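Notes follow once the structure below has been shown.
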Amino acid sequence: MYAPDEMNGSIIGQYLKETTTRGLHIGCGSHLLSGWLNSDYLPRHKSVLKLDATEPYPFDNGSFDYVYSEHIIEHVSFEKGKQILRECCRILKTHGKIRISTPDLTFLFALFSEPHSALHSNYIEWATNTFISGAPCYHPTFVINNFMRAWGHQFVYDETVIRLSLESAGFSQIKRCVLNASDDPALCNLENEARMPAGFLRLESMVFEGTKDIHDPTQP
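So in this note's numbering, the last spot in the sequence shown is 523, and the numbers never skip.
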């Protein structure tokens with residue numbers, strides 16, 4: 304097992320001691336999930352584990368039943384994203400599940416192909432007013448350029464590529480889910496829709512779940 308520092312070790316030890324069904328929440332920010340081990344690169348609360356999602360995780364193989372992340376993987380390179388998914392697979396028990404929410408590249412294309420949709424028009428106006436100073440008009444070109452460059456985004460996925468990434472990391476039974484909905488009660492109501500105006504997180508996001516395969520390619 305990787306050796307965590309004293310504070311992290313205390314958070315991990317207490318969580319593993321008190322929790323039987325274990326879930327790791329990666330990149331929680333201020334959105335803390337009850338019953339989960341909330342983690343973040345820059346913790347905002349003393350109960351949050353400091354975790355660099357791109358480095359080896361301080362957990363034994365098969366330590367968790369669930370792993371969840373929302374809008375994290377797009378902030379690292381494609382190669383680092385593969386590493387994150389491999390570590391998630393490693394720390395999950397056999398038949399453990401991952402749920403991952405990330406921006407959908409096709410939503411950016413849709414800003415052009417459906418420019419007169421009320422939802423798309425409202426999104427373009429909101430994004431321009433909130434994030435883009437100096438734009439001479441409300442136009443998807445400004446929104447798309449900002450989205451691809453802002454907030455540290457490095458690689459935005461589409462459905463095909465995120466599926467391939469999950470499969471290569473050792474996950475099977477991969478399925479696309481509706482935001483905040485799942486066949487597994489433990490994976491319902493996790494996405495933080497309140498952080499954006501109504502409907503916008505659903506517009507941006509795609510959500511996938513996968514199950515750790517018995518034949519895990521990340522293990523010897």
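Backbone N, C-alpha and C fix where the C-beta goes; we use that ideal spot for every residue, glycine too.
If you're wondering where the values come from, they're calculated on a predicted model, not measured in any experiment.
- T405 sits buried, since 16 or more C-beta atoms from the chains shown fall within 10 Å of its C-beta.
- Under a 10 Å Cβ-count criterion, D343 is classified as buried, with 16 or more other Cβ atoms of the shown protein chains found around its own Cβ.
- Closest in C-alpha terms to A472, from the list W429, G384, D486, comes G384.
- Here L504 is not near L422, since their CB atoms are 8 Å or more apart.
- Beta-carbon to beta-carbon, I376 and I403 are separated by about 7 Å, close enough to satisfy the 8 Å threshold.
- A direct Cα-Cα distance of roughly 20 Å separates D486 from I465.
- Judged by DSSP secondary structure, M310 falls within the alpha helix (DSSP H) whose first and last residues are 309–321.
- Bridge partners of Y344 according to DSSP: none are assigned.
- Around the beta carbon of D355, fewer than 16 other beta carbons lie within 10 angstroms, which makes this residue exposed.
- Between the alpha carbons of I314 and S372 lies a gap of roughly 19 Å.
- The closest CA to that of F474, considering only N483, G399, T444, F362, is found on G399.
- Nearest to A484 by alpha-carbon distance, out of F511, V370, A413, is F511.
- Taking a cut-off of 8 Å on C-beta distances, the segment 351–367 does not touch the segment 438–447, as fewer than three cross pairs fall below it.
- Distance from the CA atom of F434 to the CA atom of L411, rounded to whole angstroms, is 16 Å.
- Boundaries for F458: no alpha helix (DSSP H) harbours it, and the DSSP string shows neither H nor E there.
- Around the Cβ of F367, a 10 Å sphere holds 16 or more other Cβ atoms; the residue is buried.
- In the assembly as shown, F450 is a buried residue. Its beta-carbon has 16 or more other beta-carbons within 10 Å.
- In this structure, DSSP gives I394 a helical state, which the three-state scheme calls helix.
- The Cβ neighbour count for N341, taken over all protein chains shown within 10 Å, is at least 16; the residue is labelled buried.
- With 16 or more other CB atoms across the displayed protein chains lying within 10 angstroms of its CB, D407 is buried.
- Between R347 and G326 a beta carbon distance of about 19 Å is seen, past the 8 Å cut, so the two are scored as non-contacting.
- The closest CA to that of V481, considering only Q386, G502, S436, S424, is found on G502.
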